[in-house]
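The sequence shown runs 8 to 466 under the numbering used here. Beta carbons are placed, not taken as given, at the ideal position from N, Cα and C, and that holds for glycine. One structure is given here, and the rest of the page talks about it.
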Amino acid sequence: MSMFEGIPVDVGVIYEGERIRRQDMHVELGGPDQKTKFELVRVKGLDVVEDGKITVVGPDIKDMKEGSSHPFGIYVEVAGKGVEEELEGVIERRIHEYCNFIEGFMHLNQRYDIWLRLHKKSFGKGLNSFNLIAKVLQRLFKSELSFIEKIQITFFTDPKRVKEMYDEALKVYEARDAKARGMKDEEVETFYGCTLCQSFAPTHVCVITPQRYSNCGSISWFDGRASARVDPKGPVFEVQKGELIDSEKGEFSGVNEAAKKKTLGAVNRVWLYTGFGYPHTSCGCFEAVAFYIPEVEGFGIVHRGFKEVTVNGLPFSTLADSTAGGRQVDGFHGISIEYMRSPKFLQADGGWNRVVWMPATVKERVKDFMPKEIADKIATENEAKTVDELKAFLKAQEHPVVQTWKEIPVEVAPEMEEAAVPTIPLPTTAIAAGGFKIILKNAKIHAERLIIRREKEKR
8 MSMFEGIPVD VGVIYEGERI RRQDMHVELG GPDQKTKFEL VRVKGLDVVE DGKITVVGPD
68 IKDMKEGSSH PFGIYVEVAG KGVEEELEGV IERRIHEYCN FIEGFMHLNQ RYDIWLRLHK
128 KSFGKGLNSF NLIAKVLQRL FKSELSFIEK IQITFFTDPK RVKEMYDEAL KVYEARDAKA
188 RGMKDEEVET FYGCTLCQSF APTHVCVITP QRYSNCGSIS WFDGRASARV DPKGPVFEVQ
248 KGELIDSEKG EFSGVNEAAK KKTLGAVNRV WLYTGFGYPH TSCGCFEAVA FYIPEVEGFG
308 IVHRGFKEVT VNGLPFSTLA DSTAGGRQVD GFHGISIEYM RSPKFLQADG GWNRVVWMPA
368 TVKERVKDFM PKEIADKIAT ENEAKTVDEL KAFLKAQEHP VVQTWKEIPV EVAPEMEEAA
428 VPTIPLPTTA IAAGGFKIIL KNAKIHAERL IIRREKEKR
């Protein structure tokens, strides 16, 4: 008898990483169009949880209009003799993994950022109720995490109830996050790694330390420790720090070895406390992006919920595409909001003295962790919407980053005999300069004057 008997669609790891485009979706749950959405796991007593119970508060899938978007919440209550409150965040993160096992059911992100879509084909096959999804989740949880003895699941789609539970969930998240804030990376010998997102980014491995939360913002060092203890062969594992190579950048031999092993050699070095050089990789589930703004020599921060374009003219989606995929890209750094509260935040880059712009909502959430002397000098969308406005604001506020600005003298080329070059066809030309190569293919350059000089080699 199949473990998923009675489920109208296939279930398996083969469907992890499946993306569902808007034109193919039957319904959307949470996501960028909905302000209130959440997923929350709470540990309860064995006498409180009714094993196998499923509740839907609000419209079920079959009652939703095709193509519609809804506020959404998943509330999971678990019980077991060996289940502790410390495991809540770890169990909660598995919702992402197990939902993606379902054919035609996409789950992205975590906590208050969840985004789910159901494919039209899966709905057509009969996946038309949250009861069916809950049955899959319950069977997977009890099969994969044997310490769970009882589990009950409630889905919320009624807007009022979603909002009530959303507010409650935020309080729970904050309490979890605050627990690890007193610890330091120097005080432990073991970090933790997580590969839950490798179905979307095969070369990404998250390194979780006391002072560097997981990029998704849902797994702390304590969560990682608890997960590795109860499921040592699972996606969350121990990482021995090894030799400290660079304390400023946050490079450890053990972290490098773990990254190399878990990415099959694609990533060999990781610097935990910087957005340059060998920055920590990102999947796509990060809460925010730290992006370098070269015009002002500083970092901007933008979170997933920001609907406008950022100060450099790009929206979150474009910046996220430049950051995600398990790559190490200079100046693009996927982060959690909790990491912004850490003393290690962009430590090698100057920390808060290097941050110049962020949405007002993010600033409000982390302002108590900013140095008081810098808080008012960081612009939001209310003070600067363009780079020029940002420059003016930073200069007026005397932001520390202004001290790094240098006037670049403009060299006036001496008068030389003009070369008559109205048009230069370039089929394929490679120009190397300053460590960069510019390749021009089938280009035409129109110029009134062409000056070619050999630059003397600097000794």
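Give the single residue among the options whose Cα lies nearest to the Cα of residue i.
{"i": "Lys268", "options": "Thr202, Gly338, Pro166, Gly52", "result": "Thr202"}
{"i": "Thr210", "options": "Gly332, Val169, Gly320", "result": "Gly332"}
{"i": "Cys213", "options": "Phe154, Val179, Asp192, Leu279", "result": "Leu279"}
{"i": "Val63", "options": "Phe79, Tyr220, Lys128, Ser329", "result": "Phe79"}
{"i": "Cys204", "options": "Thr288, Lys191, Ile68", "result": "Thr288"}
{"i": "Glu390", "options": "Ile14, Thr317, Gly87", "result": "Thr317"}
{"i": "Asn138", "options": "Lys69, Ala266, Leu53", "result": "Lys69"}
{"i": "Glu380", "options": "Phe229, Glu110, Trp359", "result": "Trp359"}
{"i": "Ile61", "options": "Trp122, His33, Val143, Gly261", "result": "Val143"}
{"i": "Ala182", "options": "Pro39, Val262, Glu92, Gly291", "result": "Glu92"}
Taking the Cβ atom as the reference point for each residue, do residue i and residue j lie within a distance shorter than 9 Å?
{"i": "Arg101", "j": "Ala176", "result": "no"}
{"i": "Gly231", "j": "Val97", "result": "yes"}
{"i": "Thr393", "j": "Gly320", "result": "yes"}
{"i": "Ala297", "j": "Ile344", "result": "no"}
{"i": "Tyr22", "j": "Glu46", "result": "no"}
{"i": "Phe339", "j": "Tyr299", "result": "yes"}
{"i": "Lys157", "j": "Val56", "result": "yes"}
{"i": "Met172", "j": "Trp228", "result": "no"}
{"i": "Asn116", "j": "Arg311", "result": "yes"}
{"i": "Ile215", "j": "Arg124", "result": "no"}
{"i": "Phe244", "j": "Gly200", "result": "yes"}
{"i": "Gly38", "j": "Phe163", "result": "no"}
{"i": "Phe112", "j": "Ser136", "result": "no"}
Assign residue i to buried or exposed, taking buried as 16 or more other Cβ atoms, counted over all protein chains shown, within 10 Å of its Cβ.
{"i": "Val20", "result": "exposed"}
{"i": "Pro322", "result": "exposed"}
{"i": "Asp356", "result": "buried"}
{"i": "Glu73", "result": "exposed"}
{"i": "Pro286", "result": "buried"}
{"i": "Lys6", "result": "It is not possible to answer for residue 6, since the shown part of the chain is limited to 8 through 466."}
{"i": "Lys167", "result": "exposed"}
{"i": "Trp412", "result": "exposed"}
{"i": "Phe131", "result": "Looking at the sequence itself, residue 131 is Gly, so the reference to Phe does not match. Exposed."}
{"i": "Gly13", "result": "exposed"}
{"i": "Ala403", "result": "exposed"}
{"i": "Gln335", "result": "buried"}
{"i": "Gln247", "result": "exposed"}
{"i": "Asn263", "result": "buried"}
{"i": "Gly52", "result": "exposed"}
My guess is that residue i and residue j are in contact by the Cβ rule of under 8 Å, so how many angstroms apart are they, rounded?
{"i": "Phe306", "j": "Val362", "result": "5 Å"}
{"i": "Lys127", "j": "Asp17", "result": "About 16 Å; that fails the 8 Å criterion."}
{"i": "Ile155", "j": "Ile109", "result": "Between Ile109 and Ile155 the Cβ distance is about 19 Å, and since that is not below 8 Å, they are no contact."}
{"i": "Lys149", "j": "Thr43", "result": "With a Cβ gap of about 29 Å, Lys149 and Thr43 do not count as contacting."}
{"i": "Val303", "j": "Leu326", "result": "At roughly 16 Å, the Cβ-Cβ gap does not stay under 8 Å, so Val303 and Leu326 are not in contact."}
Starting from residue i, follow its DSSP beta bridges and name the residues at the other end.
{"i": "Thr210", "result": "DSSP lists no partner for Thr210."}
{"i": "Gly200", "result": "Val214, Phe244"}
{"i": "Phe163", "result": "Val64, Gly80"}
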